[in-house]
Structure formats: structure tokens, C-alpha cells
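Engineer: Residue numbers (UniProt numbering), protein chains in the order written: chain R, 1 to 613; chain V, 1 to 613.
Written out as C-alpha cells, the structure reads:
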């Protein structure tokens with residue numbers, strides 16, 4: 001038992017599953033309410049059935065109780081058929097025919113708005129009008145279109161309960177009256193029987209609590225069914241349908257629903273409730289006993305209990321915008337990275353305010369990104385190089401992206417170069433950053449923070465003549481690795497080595513090869529790059545590389561010639577020979593090497609402190 | 001010009017400010033609608049006034065146009081007075097007296113619900129009832145209480161426009177009728193004139209668009225005025241008031257409002273609109289021309305335009321729960337940290353699956369935390385030590401914390417030790433983690449990832465007898481720093497040094513002191529700790545510390561004796577003396593030191609790669 005494995009092999013119960021099971025147990029004894037009886041077939045439902053299903057936006061479904069028992073969808077269908085109509089017929093046409101105001105009346109009210117439109121698509125008049133629009137457009141195909149759409153929302157093929165359909169048709173005089181009234185005002189056109197058949201059939205589709213949860217999750221997931229991955233409705237249709245569900249989905253209980261629960265929902269007299277909270281979850285409940293409004297009693301209680309337990313109310317958002325900036329500094333307060341020569345260090349130190357770094361974190365939304373932009377309103381605080389490190393950013397919303405783009409395009413002066421760091425290929429925000437770049441936003445993008453800082457520092461050093469000495473030949477006396485050696489010792493070492501010229505673009509050291517040589521750079525510029533081709537540092541004349549060969553330690557990075565590079569190359573064997581004859585000098589070099597490495601350890605530790613701090 | 005400062009000195013214009021100014025410019029030419037005239041004083045308003053203010057939840061206020069022009073608050077007061085009543089009288093009493101359903105009628109309708117309660121507190125009947133409840137409870141102080149509350153929401157002292165108040169009183173017969181009707185049913189008690197005076201005065205309080213924005217931001221900020229920092233309403237009152245605003249705040253335009261804008265709002269016939277989006281913003285608009293519903297025409301257009309531009313609709317949430325897990329690994333895939341002895345390494349390698357790390361990121365909400373819990377349902381995947389690194393977590397919501405607690409308390413088996421890492425004192429989630437701990441949740445908390453891994457590894461090493469040799473005396477031959485030395489050289493070095501015994505709990509090395517000695521640990525255990533008292537590594541017999549003294553490099557960490565610790569102490573002078581007489585051995589030691597340091601650089605680089613990768 002090496003890994004302390006627990007003995008159980010059944011899946012562990014997550015807190016949400018536990019909560020759902022608890023709620024199911026708690027409300028099972030609740031026997032208030034009556035099974036719908038105005039359609040004889042509905043009265044046959046088993047009043048004790050009770051199922052709760054929760055589907056997440058990543059496609060997991062939690063279930064408790066009778067989640068596989070089929071029942072007719074009834075009015076829950078209205079939400080999905082409305083979304084279908086918006087997508088298929090266009091919002092203009094649908095919105096012209098059906099209002100979006102709560103009616104304040106029972107679901108089967110025949111009353112219309114003052115302009116003779118149905119109040120909304122969640123009451124019978126609006127739903128019949130909606131089915132009528134589809135029947136007009138699709139003719140005999142209308143119902144199959146609806147059934148297919150309901151099936152795609154559920155992620156499986158749904159069928160009609162023919163007995164219920166016949167029962168609906170036989171007892172549907174009130175709906176017949178509504179349909180004829182609508183035709184009076186042009187709300188529906190064509191054959192009323194065909195329209196009503198479409199509507200009655202749509203109400204008679206069989207679903208389970210699990211189906212309703214997945215349907216809800218398809219709404220919550222912005223129109224993509226998270227179980228099948230299929231796009232089942234447009235963003236627009238989803239957003240508008242949820243809005244109507246909020247104001248009118250729970251019959252004449254809407255205000256109370258918003259007050260107490262605050263999750264868009266639609267109930268049906270079959271005992272089903274579908275609820276959908278964007279980016280959070282879909283909820284499906286089945287329990288056939290209804291209250292006076294026609295809503296499932298246990299369904300309402302379950303929604304309330306879940307909303308209370310987990311603050312699901314749509315207005316319950318709690319974010320502190322300030323947490324989106326994890327750090328904000330320039331290099332006056334943070335030391336620059338290692339790998340710079342003293343004269344470069346001196347240029348960078350004089351201009352330590354030229355680079356400002358904002359480390360962003362979490363979600364860049366409207367509110368958080370606005371906060372970020374406000375940190376950059378003082379012209380004196382906007383540097384030549386602004387590095388925005390997105391490494392810890394998990395999401396950028398559309399609105400956040402709009403403000404981000406506006407920041408770079410309009411807010412920052414032209415003298416500021418914006419650099420985005422921390423966006424590797426697998427970053428969750430890579431697509432948005434790429435889109436921004438493709439839109440022509442003037443920005444430099446680097447996969448890592450280090451690469452971004454290096455690039456910005458190089459720009460500063462370059463602008464201030466720091467690379468002018470690339471072309472000047474450096475002798476060995478300035479080499480930190482050779483500090484303390486006498487002129488004679490330096491001359492002897494120099495004689496021992498070989499002068500080698502590398503063309504620009506040559507790989508001088510391959511990290512995967514065994515360490516065999518140390519190089520002293522005499523002229524030109526080389527860069528040290530990680531396995532992932534990230535430039536770790538830039539070396540100029542007077543600096544050495546490959547020095548771990550002196551102690552037979554493996555390479556950790558490649559070295560490339562950025563320009564033509566002249567080097568004094570000394571092999572490990574040559575150095576051993578030098579050591580034989582120059583013990584004092586060799587000991588000195590080893591000590592210098594230890595000092596250089598100790599400095600690197602310090603720098604790396606400081607960097608880790610900053611990253612984890 | 002060392003820092004490339006731009007020449008401008010006025011604040012840079014953020015994208016949101018730019019958008020607000022653009023919208024202001026766009027709608028300024030809009031002259032539709034009429035100034036309210038049913039109260040003669042209101043008719044005197046300048047119809048061209050137009051101000052837009054946006055207040056953020058961190059207390060910044062953006063303004064465009066006439067945001068400092070005073071006007072009477074009118075029905076906007078209803079929202080705040082309702083919140084006040086909920087807080088002062090208790091929700092039970094208020095909710096028993098006033099409904100929460102939209103009325104579907106004009107704001108001044110005299111119609112009541114079937115149970116003779118006003119439909120909601122946003123129509124005149126409900127607001128009069130609300131003021132009546134306050135008048136009943138506070139008597140003559142009622143209005144001053146209301147004025148003070150409005151002032152606290154606005155963050156400044158507000159005054160009454162006496163001319164408007166007199167005008168309201170003289171023309172208030174409809175409201176008088178409503179008040180008497182309410183008294184018939186016990187909806188208000190006591191002197192109707194006093195109640196109406198309170199109500200008319202409340203409507204006549206002078207505010208600016210800026211005031212409405214700050215009031216809105218107080219709602220958006222969960223009851224804390226973000227400008228003054230004062231708590232002005234409870235969470236409960238804020239949430240319930242916003243819910244009623246959503247369903248009934250825009251008079252009989254509610255459904256359309258939810259459909260098109262989706263931000264809780266309240267308008268007044270003075271031309272003001274207050275809107276509040278939780279955790280996002282407060283919005284205040286002033287433009288006196290009203291549409292047929294009594295809503296400011298330019299105000300509605302501004303709300304719509306802002307909502308469209310920045311997806312402010314309350315149902316417009318877009319999060320991918322999957323981004324909350326930045327990494328998920330055990331030590332089968334990631335090498336353990338440095339600083340372990342070979343026998344410890346071997347224990348750890350055999351049990352590399354005993355530690356699993358989840359690096360969490362962004363916001364731990366209901367949905368994301370549920371996703372995290374679902375990653376831990378497979379009993380075979382739940383290790384002895386589960387390290388949850390919260391370093392990149394920006395927020396934990398209440399619901400997220402509930403699931404987090406449930407995960408540790410109920411889901412994970414007792415054989416799993418949960419370790420929370422990355423929570424330093426200044427972490428945004430430190431309070432929640434502390435609260436969890438105080439509630440008795442069995443969890444270990446470490447400020448850094450490294451400290452957490454070290455601790456968990458120590459536990460594993462300890463459980464498998466890894467520290468049994470702490471008590472066994474190690475001779476110098478096993479020291480990596482002395483590898484390759486002859487027995488004679490070791491004996492000579494040993495003779496040179498001093499055997500020192502440190503009590504448990506002694507600080508052996510102070511990072512701030514100059515490096516003067518190297519220590520070879522002979523018996524016991526010591527730990528290397530950072531300036532912030534984070535344990536960087538644990539050393540056991542056979543390991544050295546303080547070795548940078550050999551190359552005169554500054555200390556970077558403290559070393560403490562965990563147990564009684566026996567060391568061979570060698571000063572820098574003694575080592576120099578050894579070097580004189582033992583050149584070969586000293587050279588060897590220097591080379592060993594370079595090798596040790598090269599290993600540390602490699603490890604640190606790998607760690608940085610992981611942190612930034």
C-alpha cells in the first residue's frame with residue numbers, strides 16, 4: 001500500500017452531490033399540492049415521484065431520486081421553442097408578434113396586451129403564437145423541427161406521449177379559444193387546428209428530470225449542450241429567452257421567484273421545472289404535485305433550497321476588483337534579472353523607471369479591467385515599456401477585452417510600448433490575445449515573463465548605445481570567471497585555447513550534448529535560450545558561457561550566435577592540462593565559478609520568492 | 001528624459017470614460033419625451049440637462065455632462081427607503097405588508113393585490129405603505145431617518161427642495177387617495193397627512209447624477225458605500241431591494257427592461273435613473289425628458305447603450321469552470337525539490353504518488369469549486385497528501401467556501417491529509433482560509449508551495465523511517481562537499497575544526513551576519529529558513545551548511561537546529577590555512593562546491609520554469 005490508497009472504490013461524494021441528496025431526502029416527505037387534473041391523462045401521474053438533476057456547464061450530471069422517470073414536458077417546452085423561433089425566424093419578427101412583459105395573470109389567461117399581442121412567450125397565448133409562427137414557416141415540418149430541437153437540447157432523441165397528446169387535444173378548448181382570438185388580430189395565421197396540434201404535441205414530449213437539467217445546462221452554457229458539445233441555440237436567443245424566463249417563467253409567481261430564488265426557470269404542469277444559471281448550471285426537477293399557480297411544490301422548494309445554499313441568485317455576485325492586480329512595480333524596486341554586463345546594468349539602473357510591470361490575476365471582466373485601466377491614468381506613471389503579465393489570468397470576458405483593446409489603442413500614449421507576457425499556447429487567454437493582435441492592436445506578446453523583461457531591457461540598452469561594444473574586441477582580463485589571474489596566467493590560458501568564429505544564427509551549444517568546452521566571448525553577441533526557445537539572457541564580449549564544462553555538469557540551455565561571434569574556446573581537457581601547470585590560477589577559476597553560481601542561486605531564489613510571494 | 005515620459009500631464013482617458021463621454025455626445029441631440037408636468041415645480045426643469053455618472057465598487061466616479069446639477073430624487077428614493085425599512089423593521093414585517101410582484105400597471109395606480117397589499121415597494125402604493133411603516137415606527141423622526149439614509153447612500157448631506165415638496169403636497173390627491181385606501185385595509189396606520197408629508201419630502205430630496213451613481217454603487221458593493229467606506233445597508237436588504245428593482249423598478253416597462261438591459265434600476269419622474277449591478281458598478285443618469293412610462297428617455301438609451309457595449313446584463317456571465325485548475329500533478333511527473341539526501345530521495349521516489357498537487361487559479365465560486373471537487377471523486381486518485389495551492393486564487397465566494405469545506409470534511413477519506421499552500425498574510429483569500437481553519441476543518445496551511453511540499457515530504461520520509469538516522473553520528477566521508485578527499489585529508493580537516501553542540505531551537509546561522517563559518521552536520525536535524533521564516537529545506541547528518549563562507553559570499557537564509565545538533569564547525573580562516581597545506585583537497589572542495597551550486601541553479605531554474613510555465 002505504498003500510496004496510502006483509501007480502501008473504498010466507489011466514487012467519493014462531492015459536497016454538491018451530498019447537498020442534492022440531502023435536499024431530496026428533506027423534501028421527499030412533502031406531500032402538499034395536487035397533481036394536475038385538467039387534462040385527464042396528467043392525473044394518472046404517480047404523485048410520489050421526485051427527481052433532482054443538476055447538470056454543470058462542463059457536462060457532468062448529478063442525480064438524486066427519480067431522474068429517469070419520463071413525464072410530459074408541458075410548458076417547459078415554451079422556453080426552448082421560443083429560442084428556436086428567435087433563431088429560425090429572426091428576433092425582429094418574433095418580438096413584433098410576442099411581447100416580453102409579465103402578464104401578472106395565470107398561464108392560461110386569454111387576456112392580451114393593449115396592442116393585442118400576447119404578453120410573453122411563457123404564457124399559453126404567447127406560446128401558441130410562437131408555435132403558430134413556426135407552423136407558418138415550416139408547415140408540416142414544424143413539429144418535427146420542434147421535437148428535434150428539444151432533443152438536441154436534451155442530448156437524446158425525445159418522443160411524444162400519444163395518450164397525453166390526444167387528451168390535450170380533446171380538452172384543449174381554452175387554448176382553442178386563445179388561438180382563434182390570436183387569429184382575429186393576425187397573431188397567428190393559417191389553420192388553427194394544425195397550429196394547435198403542433199402546440200399540443202410539443203407539450204406532450206416525454207422528458208426526464210435529467211433531460212431538463214441538460215436542457216438547462218445548454219442554456220447556461222450559452223447555447224452549447226455541454227454533454228454533446230453541439231451548438232443548439234445562438235447566444236442571442238439564449239440570452240433573450242432567459243430574460244423572459246426570469247420575468248415570466250414561473251407563471252404569475254415571477255416577482256416572488258426573482259425575490260427568493262433569482263434563477264431563470266420555466267415550470268410545466270407535468271411537474272417539471274427547468275432552471276438555468278448562466279455559466280453555472282442547469283437544473284431539472286420532477287415532482288408532479290402542483291401549487292395553485294401550477295408550479296411543482298417540491299420543485300419550488302428544491303430551487304429555493306439550492307439557491308439559498310449556494311447563493312445562486314443571479315444578482316449575487318461578489319468580486320473585489322482589486323484582486324485582479326497581484327503586483328505593480330517598476331525596476332526601481334525590483335532588481336533586474338541576471339545575465340547583464342556591468343555597463344548594461346548601469347544603463348538599466350539609470351532608466352529603472354522605464355519598465356513597469358502589472359501582474360494581473362483571475363478574470364479580466366468589465367469591472368476588473370476598468371480597474372486596471374485606472375491604474376494607468378497618470379501620465380507620469382506610464383513608462384516606455386508597460387509589461388502586462390497575464391500568466392495568472394484565467395479568463396478575459398468580451399467586455400474586458402474591449403477595455404483592454406481600448407487601453408492600448410486609445411489610452412496609452414504612442415511613446416509607450418505595451419508588452420503582454422505569460423501567454424503560452426495553452427494559456428486559457430491565448431485566443432483573445434491572438435484576436436487582439438490580429439485586430440491590429442500594437443502589442444508585443446511573449447510566452448514568459450522573463451522573455452518579455454529581457455526584450456524590453458534589450459530595447460532600453462540598445463536605445464542607449466549599450467550594444468555599441470558588441471563590435472569591439474574584449475580581452476580576457478575583463479572576464480569575471482578569470483578575475484584575479486595574472487597577465488601571464490591569462491596569456492597562457494589564451495594560448496591554450498582556440499579562436500573560433502560562429503556565423504550569426506549558429507547554435508554554438510546544444511543543451512543535449514555532453515559538456516565539453518567553455519567559451520569566452522571576444523566579439524559579437526550570443527543568447528542563451530531554454531529548451532522552449534525562450535531567451536534566458538544575452539551575452540556580450542567579456543562574458544563566458546558553457547562554463548559548467550569545467551566541472552562536468554550537464555548543460556541546461558542552448559547558446560546561439562545572434563551576430564557573428566568570435567570566441568576563445570577551451571576544452572575540458574585543455575583546462576585540465578592548464579590546471580596541472582597552473583594550480584593557483586585553476587583554483588582561483590574554480591572559486592570564481594562558485595561565486596558566479598552562488599550569485600545565480602541568489603537571483604533565482606529571489607525570483608522564486610517574487611513568483612510565489 | 002530618462003524614463004520616456006509622455007509630455008501630457010492631464011490624466012489619460014480610460015476606455016470606460018471614453019465610452020461614457022461618447023454615449024453622452026451621441027444622445028445629447030435626442031430631444032424626445034416631455035418634462036414631467038403633473039407637479040408644476042417639476043415642469044420648471046431645464047429639459048436639456050444631461051448627466052451620466054458611473055461609480056465603481058472601488059469608489060471611483062466617472063462623470064460626463066451635467067452630473068452636478070441638482071434635481072429631486074422622486075421615485076428613486078423608493079428603492080433606498082425599502083432597503084431601510086427591511087433593515088429597520090425586519091423583513092418579516094415589511095414583506096407581510098408589501099408584495100414583491102410586478103403590478104403590470106402605471107406607477108401611480110391605485111390598484112392593490114387580491115390580498116389588499118400593494119404589489120411592490122416600487123409603485124406609489126407600496127412606497128407610501130413603506131414610508132407609513134417607518135412613520136409608525138419612528139414618528140416625527142421618520143423623515144430625518146430617511147434623509148440621513150439617503151445621504152449615507154450618496155456619501156454627502158442631502159437637502160429637501162422645499163418648493164417641490166410644497167408642490168407635491170398641493171397636487172398629491174391621487175397619493176392621498178392611495179393612502180386612505182391603504183388605511184382601509186390596515187396597510188398604513190395613524191395620521192395619513194404625516195405619512196404623506198414624510199413621503200412627499202422623501203421624493204423632494206435633491207440629488208445629482210453623481211449622487212445616484214454613488215447610491216447605485218453602494219447597492220452594487222453589497223451595502224458598503226465604496227466612496228465613504230460606510231456600511232449603509234445589510235446584505236439582505238440590498239439583495240432583496242435589487243430583486244424588486246429588477247421585476248418592478250422601471251414602472252410598467254419591467255419585462256422590456258429585463259429583456260433589453262438586465263440591470264436592476266429605479267427611475268424617477270425628476271429625470272433620474274439609478275442602476276446597480278452587483279460587484280460591477282452604480283450608474284446615475286439625469287435627463288428630465290420622460291417617455292410615456294415616466295422613464296427618462298436619454299436615461300433609458302444610456303443604460304441600453306452601456307449594457308450593450310459591456311455585456312452588463314445580469315444574466316451575461318461567461319466563465320469556463322475548467323480554467324480554475326491551472327495544474328494537477330503528482331511527483332511521479334514532477335521531480336521533488338532539492339535539499340534531500342539520497343536515502344530520503346529513495347523513500348520519496350518509491351512513494352511519488354503520495355502527494356498530489358492541484359494548482360487552483362482565479363475565482364473559486366460555486367461552479368468552479370464544484371469542478372475541483374469532481375476532480376477528486378476517484379478514490380484511487382486521492383493521495384495521502386493533497387496539496388491545494390491557492391497562490392493564484394483571487395477570490396473564494398461564500399458558496400465556493402461551503403463546497404471547499406465540504407470537500408475536506410465529508411468527501412475526502414480520513415486517510416488523506418489536506419494541505420493548503422500559497423496563502424500568505426496578504427493573500428486575498430487569507431480570511432476565508434483562516435475562517436475554515438477556525439471552524440475546525442482539518443487542514444494544514446502553509447504560506448508557500450515550497451513549505452507545503454517540504455512538510456508533506458518530511459511526513460512521508462518520517463513515516464517510512466527516513467529520519468531514523470538523525471540520531472546516528474555521520475562521519476565526514478559521506479559529505480558531498482568533501483567527496484574525493486583522502487581519509488588523511490578528511491582527518492586533517494576534521495582536526496582543524498571544532499565540534500559544537502547546538503540545543504534544539506537555536507539559530508545557528510543568522511542570514512544577516514557576515515559569512516564566517518561552514519558547518520558539517522554530524523548528528524541531529526537542522527532546517528534552512530528564508531527571511532520570512534519559510535523552511536527552505538531540512539538537513540540531516542552528512543550534509544553541510546554555511547558553505548558560502550568558503551567563497552566569502554553573503555548568506556541568503558537562516559539555519560535553525562530542529563533537534564539537538566552536533567556540528568563540525570570550520571571557520572573561513574581555518575579553511576584558508578587548510579588550503580595552504582592541502583592545495584589538492586582545497587581545489588577539490590571548491591570544485592564540489594561549484595557542482596553543488598550548479599545543481600541548485602538547475603533546480604531553481606526548473607522551479608521557475610514550472611512557476612512561469
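Here a beta-carbon is modelled for each residue, glycine too, at the ideal position from N, C-alpha and C.
#1: For residue 403 of chain R versus residue 369 of chain R, is the C-beta spacing smaller than 8 Å?
#2: List, in order along the chain, the chain R residues whose C-beta lies closer than 9 Å to that of residue 558 of chain V?
#3: Does DSSP classify residue 231 of chain R as helix, strand or coil?
#4: For residue 347 of chain R, name the three-state secondary structure that DSSP assigns.
#5: Taking Cβ-Cβ distances below 9 Å as the criterion, which residues of the stretch 96 to 128 of chain R are in contact with chain V?
#6: Name the two residues that bound the continuous alpha helix (DSSP H) containing residue 352 of chain V.
#7: Can you pull the chain R residues whose beta carbon is under 7 Å from the beta carbon of residue 258 of chain V, in chain order?
#8: Since residue 246 of chain R and residue 264 of chain R are thought to touch, with beta carbons under 8 Å apart, how far apart are those beta carbons, to the nearest angstrom?
#9: What does a CB cutoff of less than 7 Å around residue 49 of chain V pick up in its chain, not counting 5 residues either side in sequence?
#10: Taking Cβ to Cβ, would you say residue 99 of chain V is nearer than 8 Å to residue 117 of chain V?
#11: Might you give, ordered along the chain, the residues of its own chain that have their beta carbon closer than 7 Å to the beta carbon of residue 45 of chain R, omitting 5 neighbours on each side?
#12: So with Cβ pairs under 8 Å, would you call residue 5 of chain R a contact of chain V?
#13: Check residue 484 of chain R in the structure and name its three-state DSSP category.
#14: What are the residues of the stretch 348 to 376 of chain R that lie near chain V, defined by any Cβ-Cβ distance shorter than 7 Å?
#15: Just the Cα atoms here: how many angstroms apart are residue 624 of chain R and residue 327 of chain V?
#16: What in chain R is Cβ-close to residue 605 of chain V, meaning under 9 Å?
#17: Just the Cα atoms here: how many angstroms apart are residue 209 of chain V and residue 61 of chain V?
#18: Give a yes or no on whether the minimum CB-CB distance between residue 543 of chain V and chain R is below 8 Å.
#19: In the DSSP assignment, find the beta strand (DSSP E) that holds residue 567 of chain R and state where it starts and stops.
#20: Report the residue from V:378, V:401, V:390 and V:229 whose alpha carbon sits nearest the alpha carbon of residue 311 of chain R.
#21: Is the shortest distance between the beta-carbon of residue 615 of chain R and the beta-carbons of chain V less than 8 Å?
#22: Mark residue 63 of chain R as exposed unless 16 or more other C-beta atoms lie within 10 angstroms of its C-beta, in which case mark it buried.
#23: Use the C-beta contact count for residue 31 of chain V: other C-beta atoms within 10 angstroms, 16 or more gives buried, fewer gives exposed.
#24: Per DSSP, what are the beta-bridge partners of residue 315 of chain V in this structure?
#25: Report yes or no: is there a C-beta of chain C within less than 8 Å of the C-beta of residue 539 of chain R?
#26: Counting only beta-carbon separations shorter than 8 Å, does residue 411 of chain V have a partner in chain R?
#27: For residue 188 of chain R, count neighbouring C-beta atoms within 10 Å of its own C-beta (all shown protein chains included) and say buried if the count is 16 or more, exposed if not.
#28: Along chain R, in chain order, which residues have C-beta atoms closer than 7 Å to that of residue 551 of chain V?
#29: Where does the unbroken alpha helix (DSSP H) through residue 87 of chain R begin, and where does it stop?
#30: Based on DSSP bridge pairs, tell me the residues matched to residue 296 of chain R.
#31: Closer than 7 Å, Cβ to any Cβ of chain R: which residues of the stretch 272 to 289 of chain V, in chain order?
#32: So does the stretch 580 to 597 of chain V actually touch the stretch 500 to 512 of chain V, counting three or more Cβ pairs closer than 8 Å?
#33: Give me the residue from V:279, V:112, V:331 and V:393 with the minimum Cα distance to residue 383 of chain V.
#34: Compute the beta-carbon to beta-carbon distance between residue 305 of chain R and residue 220 of chain R, rounded to the nearest angstrom, for a pair I have assumed lies under 8 Å.
#35: Below 8 Å on the Cβ atoms is my guess for residue 578 of chain R versus residue 493 of chain R; work out the distance and round it to an integer in Å.
#36: Return helix, strand or coil for residue 376 of chain R, following the three-state DSSP convention.
Structural biologist: Quick look at the numbers:
#1: Along the first chain, one-based indexing puts residue 403 of chain R at 403. Along the first chain, one-based indexing puts residue 369 of chain R at 369. Residue 403 of chain R is a Cβ neighbour of residue 369 of chain R, given a cutoff of 8 Å.
#2: Translated into the one-based positions of the second chain, residue 558 of chain V becomes position 558. Neighbours of residue 558 of chain V on chain R: none; closest Cβ ~14 Å, over 9 Å.
#3: Counting from one through the first chain, the residue named residue 231 of chain R turns up at place 231. It is a strand residue.
#4: Locating residue 347 of chain R in the first chain gives position 347, where the first residue counts as 1. Helix, per DSSP.
#5: Correct list: 99, 100, 101, 102, 103, 104, 105, 119 and 120.
#6: Sequence index remark: in the second chain, residue 352 of chain V carries index 352 (1-based). Careful: residue 352 of chain V lies outside any alpha helix (DSSP H) and carries neither H nor E.
#7: Numbered from its first residue, the second chain carries residue 258 of chain V at position 258. Here the neighbours are 243, 246 and 247.
#8: For the purposes of this step, residue 246 of chain R is taken as residue 246 along the first chain, with counting starting at 1. For the purposes of this step, residue 264 of chain R is taken as residue 264 along the first chain, with counting starting at 1. Contact holds; Cβ gap of about 5 Å.
#9: Translated into positions along the second chain, residue 49 of chain V becomes position 49. Cβ neighbours of residue 49 of chain V beyond the five flanking positions: 66, 69, 286, 287 and 288.
#10: One-based indexing of the second chain puts residue 99 of chain V at position 99. One-based indexing of the second chain puts residue 117 of chain V at position 117. Yes, they are a contact pair.
#11: For the purposes of this step, residue 45 of chain R is taken as the residue at position 45 of the first chain. Within the same chain, residue 45 of chain R has close Cβ partners 35, 71, 271 and 288.
#12: Taking the first residue of the first chain as position 1, residue 5 of chain R is located at position 5. Reliability of the predicted coordinates at residue 5 of chain R is poor, the pLDDT of 45 falling under 50, and no value is obtained from them.
#13: On the first chain, residue 484 of chain R is found 484 positions in, with the first residue counted as 1. In this structure, residue 484 of chain R counts as coil in the three-state DSSP scheme.
#14: Going along the stretch 348 to 376 of chain R in chain order, one finds 350, 351, 353, 354, 361, 362, 363, 366, 367, 370, 371, 373, 374 and 376 with a Cβ nearer than 7 Å to chain V.
#15: The question about residue 624 of chain R has no answer, for chain R in this structure spans 1 to 613.
#16: Your numbering for residue 605 of chain V matches position 605 in the second chain. Chain R residues near residue 605 of chain V: 530, 536, 556, 557, 600 and 604.
#17: In the second chain, the residue the question calls residue 209 of chain V occupies position 209. In the second chain, the residue the question calls residue 61 of chain V occupies position 61. About 11 Å.
#18: Here residue 543 of chain V corresponds to residue number 543 of the second chain, with the count starting at 1. Not closer than 8 Å to any Cβ of chain R, the Cβ of residue 543 of chain V fails to qualify, so no.
#19: In the first chain, the residue the question calls residue 567 of chain R occupies position 567. Element bounds for residue 567 of chain R: 565 to 571.
#20: Walking along the first chain from the start, residue 311 of chain R turns up at place 311. Among V:378, V:401, V:390 and V:229, the Cα nearest to that of residue 311 of chain R is on V:401.
#21: Chain R is shown from 1 up to 613; residue 615 of chain R falls before or after that span and cannot be answered.
#22: In the first chain, the residue the question calls residue 63 of chain R occupies position 63. The residue in question, residue 63 of chain R, is buried, as its Cβ has 16 or more Cβ neighbours within 10 Å.
#23: Locating residue 31 of chain V in the second chain gives position 31, where the first residue counts as 1. Around the beta-carbon of residue 31 of chain V, fewer than 16 other beta-carbon atoms lie within 10 Å, marking it exposed.
#24: Here residue 315 of chain V corresponds to residue number 315 of the second chain, with the count starting at 1. DSSP, once it has assigned bridges, lists no residue as partnering residue 315 of chain V.
#25: Here the protein chains are R and V, and chain C is not one of them.
#26: Locating residue 411 of chain V in the second chain gives position 411, where the first residue counts as 1. For residue 411 of chain V, the nearest CB of chain R lies under 8 Å from its own CB, placing it at the interface with that chain.
#27: Working through the first chain from its first residue, we reach residue 188 of chain R at position 188. Residue 188 of chain R should be labelled buried.
#28: To locate residue 551 of chain V, count along the second chain from 1; it is residue 551. By Cβ distance, chain R contributes 591, 594, 595 and 598.
#29: As a working note, residue 87 of chain R is residue 87 in the first chain. Boundaries of the alpha helix (DSSP H) around residue 87 of chain R: 76 to 89.
#30: For the purposes of this step, residue 296 of chain R is taken as the residue at position 296 of the first chain. DSSP output for residue 296 of chain R lists R:290 as bridge partner(s).
#31: Correct list: 278, 279, 280 and 281.
#32: No, they do not touch.
#33: Counting from 1 along the second chain, the entry for residue 383 of chain V is found at position 383. When only C-alpha atoms are compared, the closest one is V:331.
#34: Within the first chain, the letter at position 305 stands for residue 305 of chain R. Within the first chain, the letter at position 220 stands for residue 220 of chain R. About 19 Å separates the beta carbon of residue 305 of chain R from that of residue 220 of chain R, a gap too long to meet the 8 Å contact definition.
#35: Walking along the first chain from the start, residue 578 of chain R turns up at place 578. Walking along the first chain from the start, residue 493 of chain R turns up at place 493. A Cβ-Cβ distance of about 6 Å is found for the pair residue 578 of chain R and residue 493 of chain R, placing them in contact under the 8 Å criterion.
#36: Taking the first residue of the first chain as position 1, residue 376 of chain R is located at position 376. Secondary structure of residue 376 of chain R (DSSP, three-state): coil.
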